[in-house]
């Protein structure tokens, strides 16, 4: 009899039957379904199945969390259901049919901008610092800046523009590269296309408005002339040009014989793409970008700007939870390059702060609940530094009212920000450091908005939580409280237990060494709600500084993902099971950048190599390289201590102790 026979039968029925399954695949821990009608899935019933640890929906996929043994469960399920499993790419593609056109557009924009965001954040902080040293008159009676009185700071002010210009003026290169990477075409052609949009041969796009029409250089083809205008900082034009190149390359690859493909396809794709970019889609994209920027700018500067700001501030956190917030990166970039600043970005930073303040109030309310504090404190810090997912999924959405209180505080702060005219130089780091991206003349106004984002959510959450949270939520989980408060039982002489029973009652202590070089993090800081909320079990995370993962102890390799090569499971001698998962959502990379040194059934010693990975490829794919380490089966170990927030060396530093 199959191991999961009853659970498989129940899942097939509760998910709506075979007819409701459009596609199914699995990763290291989850079954991934694309359902014909997601409403037919009985979520509570499915979560009641013994093998199921939880469910959630993301990007059109209905995901059922199974754990390390998901591969065996998947095999039994597909065999019983009489359906063929498909690749993860096919599931991803099928999932898009469950999304409306707006969601698909937002998702595509998110995937395009994800690899570029680190550069945008870096550029925002650099320009913010540059403004402080060169634009703020702090000295000699507030008449001179640091750059005015110091040659060193004057040189630094000039030098930092090298980075700012590279990121924001030459942004089209990053966009066209990212599009070709996402669409699976030749990335160097995308880079070349981007360079042709910002070539020094062209009139700089920022100088067009101040240049007479007769002075704009042209390419003269005899029968027609094309203006030689650059697209520095243009977002929409670069996106349209990038997709023209992608579809031309795909077209010529399809119709061109393989023998001459290497020579013909690049030329036939790139040359027309550059011509179309400068004659058709470039001018159109410029107009579209300006139109969008003008509409948003009008909304944020019109007589209804406070209503616009209130709605944006209120809804931004829920938008983050859907992943649609990436659209704001394109709008912000366009605002920066059209109006030399953005009043949208300050509201985003304020929303981060507001959600963090709601978590801070929960931390105060639950200060006697040690387990809750393990999530609250890191989530609050992360939120104040601009990363809201741990707070949203780990705390605020879990209880509901902190999320709403954060939204209200964000709306109030956004109204103050817009009402007082706060402007940012560019996209920057969110949360409290966001002030570095604000023009110095607006710092006082932004600090006032920050105060609202801190105080209002905190007070509302604390007031409501004081009434809504049960004693169990505020003090300690019932089992833990009972264990600490129950009197010790009187000593009773009893016959000696057999050795086997003693071992079962008190398993031997296990010391686990670090699986890589780097720094350890609390599990709550992992940007994936399944891991951060402890659905798979207790554990920790590593931020690797190297490129190899090693065994933390002597073990047997219980499971590996042979195709994606991004994760593996280990079984220790006493039955303890561990999961190591490299990066977040790296299953989508289909093994590119990963090398397996072990296979299922292998025996490894502590310090043996398990998997090597390419940090550059993970970053290029837009994924965090944060590596998750979970104890999926504690095998009787009631106490597990994880050493977080420390620097570690693989095979040497103790990272966890199980007792």
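In this note's numbering, the protein residues as written are 258 to 916. By construction, the Cβ of each residue, glycine as well, lies at the ideal position given by its N, Cα and C atoms.
Annotation for residue 803: 773, 774, 775 and 907 place their beta carbon closer than 8 Å to its own, counting only its chain and skipping 5 residues before and after. Here residue 699 is not near residue 712, since their CB atoms are 8 Å or more apart. Around the beta carbon of residue 670, 16 or more other beta carbons sit within 10 angstroms, so the residue counts as buried. Residue 610 and residue 883 have their C-alpha atoms roughly 23 Å apart. Per DSSP, residue 846 lies in no beta strand (DSSP E) segment and is marked neither H nor E. The beta carbon of residue 456 lies closer than 8 Å to those of 487 in the same chain, with the five residues before and after it left out. With a 10 Å radius around the Cβ and a threshold of 16 neighbouring Cβ atoms, residue 785 comes out buried. In the three-state reduction of the DSSP assignment, residue 437 falls in the helix class, which pools H, G and I. Taking a C-beta distance under 8 Å as the contact criterion, residue 414 and residue 423 do not qualify as a contact pair. Taking a cut-off of 8 Å for Cβ pairs, the region 815-832 and the region 898-914 do not touch, as fewer than three such pairs fall below it. Sequence-distant Cβ neighbours of residue 341 in its own chain, meaning closer than 8 Å and more than five residues away, are 335. Counting only residues of its own chain and dropping the five nearest sequence neighbours on each side, residue 721 has a CB closer than 8 Å to the CB of 658 and 662. Considered as a whole, the region 582-664 harbours 584-596, 602-622 and 627-641 as its complete alpha helix (DSSP H) runs of no fewer than 4 residues, in chain order. Inter-residue distance for residue 637 and residue 655 is about 15 Å (C-alpha atoms, whole angstroms).
Taking C-alpha positions only, residue 512 is separated from residue 497 by approximately 23 Å.
When Cβ pairs closer than 8 Å are counted between the two stretches, the region 269-279 is seen to touch the region 301-317, the count reaching three or more. Under the DSSP assignment, residue 512 falls in the alpha helix (DSSP H) whose first and last residues are 493-512. Non-local C-beta neighbours of residue 809 in its own chain, meaning closer than 6 Å and more than five positions away in sequence, comprise 769, 770 and 772, ordered along the chain. The continuous beta strand (DSSP E) containing residue 279 extends over residues 278-283.
The beta carbon of residue 339 sits closer than 8 Å to the beta carbons of 275 from its chain, once the five residues preceding and following it are set aside; these are given in chain order. If you ignore the 5 residues before and after residue 797, its C-beta comes within less than 6 Å of the C-beta of 777, 780, 886, 899 and 901, all in its own chain and listed in chain order. Look at residue 889 here: in three-state DSSP terms it is strand. Per DSSP, residue 828 is one residue of the beta strand (DSSP E) stretching across 824-828. Secondary structure of residue 725 (DSSP, three-state): helix. About 6 Å separates the Cβ atoms of residue 388 and residue 682, confirming a contact at the 8 Å cut-off. In the DSSP assignment, residue 853 is bridged to 868. DSSP, reduced to helix, strand and coil, places residue 881 outside both helices and strands of the structure shown, so it counts as coil.
When only Cα atoms are considered, residue 871 and residue 864 end up about 19 Å apart.
Going by DSSP, residue 796 is part of the beta strand (DSSP E) stretching over 795-801. One thing to note: residue 448 has its Cβ no nearer than 8 Å to the Cβ of residue 460. Nearest C-alpha to residue 434 among 425, 444, 427 and 428: 444.
Boundaries of the beta strand (DSSP E) harbouring residue 911: 911-915, taken from the DSSP string.
When Cβ pairs closer than 8 Å are counted between the two stretches, the region 565-575 is seen not to touch the region 615-635, the count staying below three. In this structure the region 393-402 does not lie against the region 317-333, because fewer than three pairs of beta carbons, one per stretch, are closer than 8 Å.
Using a 10 angstroms sphere on the CB of residue 406, the tally of other CB atoms stays under 16, which defines it as exposed. In this model, residue 441 and residue 507 are separated by some 9 Å (Cα to Cα).
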